[in-house]
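In the UniProt record's numbering, the protein residues as written are 1 to 247.
A short worksheet on the structure shown next.
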């Protein structure tokens with residue numbers, strides 16, 4: 001369940017809806033919406049809006065999780081305080097109409113406060129209790145722990161991957177390549193590459209399945225015909241960028 005919720009963020013909210021790095025037929029979008037609801041990291045529309053603002057105004061006051069305000073702020077502090085006025089004002093200039101027009105996203109947004117408790121906590125706690133007679137006390141606490149762990153795995157991308165790591169594609173960015181983040185965030189740690197080529201569905205140059213499970217999932221659904229029009233950066237474009245801007 002924890003890994004599935006992670007894919008709801010990485011494969012769904014991030015690579016599909018936020019960056020449009022590939023297209024998905026409605027059965028896959030429905031699956032990813034359910035996985036995303038399990039993750040309980042805001043509805044897809046809200047998540048996408050914050051993330052697009054982050055990319056457009058990275059490391060400025062308009063960045064919702066601006067790492068220049070410190071590790072704690074970029075990791076989770078941004079959720080504990082009011083948004084900086086620039087986040088609201090400049091964020092209003094970011095177009096998310098394409099996401100709002102997706103009926104599956106619209107359905108989730110409309111019913112989110114009802115769907116989220118069932119998907120994130122109630123069903124994951126009840127299934128072990130009903131199916132293999134697990135203690136409801138244990139299963140409910142595990143559901144909460146899984147949720148909290150998933151949050152921190154996602155947040156490492158905003159904090160750790162903007163502080164520590166190599167910058168082979170653009171040394172002027174705070175975003176860095178961090179293998180630990182890629183492991184815990186199922187492939188999202190190749191962050192210097194991602195900020196240079198945000199439209200690449202692999203969110204990394206090599207797409208190694210062992211440390212980029214989200215790419216493996218997209219490729220699997222592409223094999224089934226449910227994902228298509230996968231975008232990727234040409235090798236010559238990557239090489240030129242490395243030589244021009246890399247460390």
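All C-beta atoms, glycine included, are put in the ideal place defined by N, C-alpha and C.
{"Item": "Name the DSSP bridge partner or partners of residue 33?", "Value": "Paired residue(s): none; residue 33 is not in a bridge."}
{"Item": "Would you check if the distance between the CB atom of residue 45 and the CB atom of residue 96 is smaller than 8 Å?", "Value": "yes"}
{"Item": "Which word fits residue 119, buried or exposed, when buried means at least 16 other C-beta atoms lie within 10 angstroms of its C-beta?", "Value": "buried"}
{"Item": "Using 8 Å as the cut-off, can you tell me whether the segment 81 to 97 makes contact with the segment 46 to 64, which would need three or more C-beta pairs spanning the two stretches below that distance?", "Value": "yes"}
{"Item": "To the nearest angstrom, report how far apart residue 191 and residue 133 are at their CA atoms.", "Value": "42 Å"}
{"Item": "Between the segment 143 to 156 and the segment 111 to 127, can you find at least three pairs of beta-carbon atoms closer than 8 Å?", "Value": "yes"}
{"Item": "Are the segment 3 to 20 and the segment 189 to 207 in contact at 8 Å, needing three or more beta carbon pairs?", "Value": "yes"}
{"Item": "Tell me which same chain residues have a C-beta within less than 7 Å of the C-beta of residue 184, skipping the five on either side of it?", "Value": "153 and 156"}
{"Item": "What would DSSP say about residue 166, mapped onto helix, strand or coil?", "Value": "strand"}
{"Item": "Strictly by DSSP, which residues pair up with residue 190?", "Value": "177"}
{"Item": "Do the segment 104 to 118 and the segment 65 to 76 make contact, defined as three or more Cβ pairs closer than 8 Å?", "Value": "no"}
{"Item": "Distance check for residue 33 and residue 246, CA to CA, integer angstroms please.", "Value": "36 Å"}
{"Item": "For residue 211 versus residue 172, is the C-beta distance shorter than 8 Å?", "Value": "no"}
{"Item": "For residue 7 and residue 81, I'd like the C-alpha separation in whole angstroms.", "Value": "27 Å"}
{"Item": "Between residue 9 and the rest of its own chain, which residues show a CB-CB distance below 7 Å, the 5 nearest in sequence each way excluded?", "Value": "36, 39, 41 and 154"}
{"Item": "What does the alpha-carbon distance come out to for the pair residue 257 and residue 188?", "Value": "There is simply no residue 257 to check, as the chain begins at 1 and stops at 247 in what is shown."}
{"Item": "If I measure Cβ to Cβ from residue 175 and keep anything under 8 Å in the same chain, skipping five residues before and after, which residues do I get?", "Value": "58, 161, 162, 167, 191, 192, 194 and 195"}
{"Item": "Under a three-way DSSP split, which group does residue 228 fall into?", "Value": "strand"}
{"Item": "Straight-line CA distance for residue 69 to residue 91?", "Value": "18 Å"}
{"Item": "Taking only three categories from DSSP, how would you classify residue 143?", "Value": "helix"}
{"Item": "From the DSSP output, read off the bridge partner residues of residue 203.", "Value": "Answer is none; residue 203 lacks a bridge partner."}
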